[in-house]
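Enquirer: So for the sequence shown, my numbering puts the first residue at 44; every next one is plus one. Here's a structure for you.
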Amino acid sequence: MVEIREKDQNDDTEEVVSLATEDLRRIYRPCAHATGKPPSGHSLTTLVAVKDKNIVGVIEYFAGDGAIHFQGLAVHPVYRRQGIASVLVKEIESIAIRLGAQKVVLNTILETGNPGMFTKLGYEITSVVPASDFEGLDGKQVTKVGMRRILA
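Structure, rendered in structure tokens:
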């Protein structure tokens, strides 16, 4: 059983994020000017997935423009393919409904293969553009995919 809750001051998410992004950093990296911060006036909330008293997943979100925006979805490699990412995303959707948001939106990098996972969760592609905050390890451009799910 996986428990999803807000991160508190005692939670150490560094290991999960580090291990999860290690795989991604074989494909792309943030550009020097990338901040990973939400737009001005918005603050990030972090949720953690806990299994057997261990933090096994993380996701960040903020509200704005009638939507919940999420980023930083990370699952510990040992716990992948167990539905933890899906549970985290579903919790974001539940929060969005409670807050009266009309949709949930995200951006991902095409070259990771992640758009396929989000499509399976009911998200649709809204934009495909060159990523301005990320680059491939070979210095080549990577592609940012905007996605959304309209909530009923």
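The beta carbon of each residue, even a glycine, is placed where N, CA and C say it ideally should be.
Report yes if the CB atom of residue 27 is closer than 9 Å to the CB atom of residue 113, and no otherwise.
Expert: With the chain represented from 44 up to 195, any question about residue 27 goes unanswered, as that position is not in the structure.
Enquirer: Identify, in the order they occur along the chain, each residue of the same chain with its Cβ nearer than 6 Å to the Cβ of residue 122, setting aside the five sequence neighbours on each side.
Expert: 99
Enquirer: What are the boundary residues of the beta strand (DSSP E) that residue 149 is part of?
Expert: Note, residue 149: beta strand (DSSP E), 146-152.
Enquirer: Among 165, 157 and 97, whose alpha-carbon lies nearest the alpha-carbon of residue 54?
Expert: 97
Enquirer: Could you please give the first and the last residue of the uninterrupted alpha helix (DSSP H) stretch that includes residue 159?
Expert: 157-163
Enquirer: Assuming residue 87 contacts residue 145 under a Cβ cut-off of 8 Å, what Cβ separation, rounded to an integer in Å, is found between them?
Expert: With 8 Å as the limit, residue 87 and residue 145 do not qualify as a contact, their Cβ atoms being about 20 Å apart.
Enquirer: How many angstroms separate the CA atom of residue 118 from the CA atom of residue 83?
Expert: 27 Å
Enquirer: What's the gap between the Cα of residue 132 and the Cα of residue 177?
Expert: 23 Å
Enquirer: By Cβ distance, which residues of its chain are closer than 8 Å to residue 168, with the 5 residues on each side in sequence left out?
Expert: 158, 162, 188, 189 and 190
Enquirer: With H, G and I counted as helix, E and B as strand and the rest as coil, what does DSSP make of residue 89?
Expert: strand
Enquirer: Give the DSSP-derived three-state secondary structure of residue 70 in the structure shown.
Expert: If DSSP states are grouped into helix, strand and coil, residue 70 belongs with coil.
Enquirer: Within this structure, are the beta carbons of residue 172 and residue 70 separated by less than 9 Å?
Expert: no
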